[in-house]
Amino acid sequence: MKQLSAPLRAQVGGTLIGLVIGLLVGLGIALAVAVYVTRVPVPFVDRGVSRSPAKDVEEAERNKGWNPNAGLSSQQSPLPATEGAAPGAEGAPAVEAPSGSGLDGDPLGDLLRDKLGDTPAVPAAAPASPGAASSPAAPAKAASAATGDAAIYFVQAGAFRAPDDAQAQRARLAMLGMAAEITEREQSGRTVYRVRIGPFNQKPLAEATRVQLEANSVDAALVRIQR
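Quick note, the numbering used here runs 30 ahead of the 1-based positions in the sequence shown.
Now the structure itself:
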């Protein structure tokens, strides 16, 4: 028994020593990996940047008060100016009236009268016909100025941070019988999803659509884009 106990003791002692050495080697490898991960620079990660609590609070307040529809106010402001300019456009053809009366002093007309030998009464009546023709043309020009605008119009039914919200708004408009499109835009460093109906070549049509949306409890705004 004594001869067998000595090898057993040696075997047990060697096993314990192997376990201790294995644990030490494992701890050394784990320590090396931890140092490598924490010290080696990682792409797109700046380990030296530390954010202060004040900056975090400031950014949280900025994000809390951010309104994706804030840009609509600046786009709607030029609309009263265009409406105010419409009377000026309608009154513009009235300025052309003196040009019709100025035909009396046309040198070419005087030369023709001299060659044809007409009396002065006939040329006096001749300018009246262009003037009469210009009076119907004035309402036609005013009508074209009212209908043919140099801009196109959209009716925006909201701007959303999440695409799912924009899709829900688009589905709501589809239930009202209106086809809308979703466009993306970067605003204040964030992507905004805008729901718009259009384009409209005439402002009255766009305005009627906006009124119809508001009658159905949908907030809408008129957007004017220069051609």
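Note that the Cβ used here is the ideal one computed from N, Cα and C, for glycine as well. Note that the structure is a prediction, hence the values are computed from the model and not measured.
- Counting along the chain, L203 sits inside the alpha helix (DSSP H) bounded by residues P193 to M205.
- In the DSSP assignment, V241 falls outside any beta strand (DSSP E) and lies within the alpha helix (DSSP H) extending over K233 to A245.
- R257 carries a coil assignment under DSSP once its states are collapsed to helix, strand and coil.
- For A62, the secondary structure class from DSSP, reduced to helix, strand or coil, is helix.
- Taking C-alpha positions only, Y66 is separated from R92 by approximately 37 angstroms.
- Straight through space, the alpha carbons of P83 and R224 are spaced by roughly 34 angstroms.
- Cβ-Cβ separation between V185 and R240: approximately 5 angstroms, consistent with a contact (criterion under 8 angstroms).
- Using a Cβ distance threshold of 8 angstroms, A187 and I212 do not count as a contacting pair.
- For R220, the pairing in a beta bridge is given by DSSP as Q217.
- Within the same chain, Cβ atoms closer than 7 angstroms to the Cβ of R200 are found at A210, I212 and V225, the five residues on either side in sequence being excluded.
- Note: Q186 is bridge-paired with R226 and A251 in the DSSP secondary-structure output.
- Annotation: L53 to G44 spans about 14 angstroms, alpha carbon to alpha carbon.
- DSSP places A90 in the uninterrupted alpha helix (DSSP H) bounded by P83 to K94.
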